[in-house]
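Asks: Below: one structure in structure tokens.
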Amino acid sequence: MEWTPVETEFVAVRESCDGAEILHVFSDVDMASGAIFESMLVESSGLDKKTYLDLTECPYFDSTGLRLLVTAYKALGSRLEVWVSSSSTVERVLAVSGLDSIVPIVRRARTGPALQFPEPRKTRARRARA
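Structural data, given as structure tokens:
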């Protein structure tokens, strides 16, 4: 049986502010997306800036993410801060692993979708007059 890698879509946004880098992650962090996630973290570790890793909208975070987070913390040290949603799966994974006692974790309320579109207005169909 041959193993074929699964292509995954990884959605993340990098935001640069005065003296800080914010990485917003909106996708699962797992074996399929690990290489992309790692490249983002490595790029941030090369900068001399505070790095905030926003996982508040990250739906899934497995042992691959834990390993990469430990690696990032070793490279960035106190320049790394991780944001998670209170009572989220990601927060539980970090707590169960004990990583929340090593890496600075900030628990935040979930902010909801970044873009919210208004509800479409209901319109009545008009009959054409002859």
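Each residue of the sequence shown is one higher than the one before, counting from 5 in our numbering. The beta-carbon is built from N, C-alpha and C at its ideal position, and this holds for glycine as well.
(1) Can you have a look at ASP22 and say buried or exposed, based on whether 16 or more other CB atoms are within 10 angstroms of its CB?
(2) Leaving aside the five residues before and after GLY38 along the sequence, list all residues of the same chain whose C-beta is less than 6 angstroms from its C-beta, in chain order.
(3) Answer with buried or exposed for ALA76, where buried requires no fewer than 16 other C-beta atoms within 10 angstroms of its C-beta.
(4) Kindly list the residues whose CB is nearer than 6 angstroms to the CB of GLU123, restricted to its own chain and excluding five residues on each side of it in sequence; keep chain order.
(5) Note the first and the last residue of the continuous beta strand (DSSP E) segment covering ILE40.
(6) Three-state secondary structure (DSSP) at LEU84?
(7) By a C-beta neighbour count over all protein chains shown, 10 Å radius and 16 as the cutoff for buried, is ASP32 buried or exposed?
Replies: Judging by the given coordinates:
(1) Burial call: exposed.
(2) The answer, listed in chain order, is THR68.
(3) Residue environment: ALA76 is assigned as buried (16 or more neighbouring CB atoms within 10 Å of its CB, all protein chains considered).
(4) For GLU123, the pLDDT reaches just 45, beneath the cut-off of 50, and the residue's location in the model is therefore unreliable, leaving the point undetermined.
(5) Note, ILE40: premise wrong, no beta strand (DSSP E); alpha helix (DSSP H) at 38-49.
(6) Under the three-state reduction of DSSP output, LEU84 falls in the strand class.
(7) Looking at its Cβ environment, which holds 16 or more other Cβ atoms inside 10 Å, ASP32 is buried.
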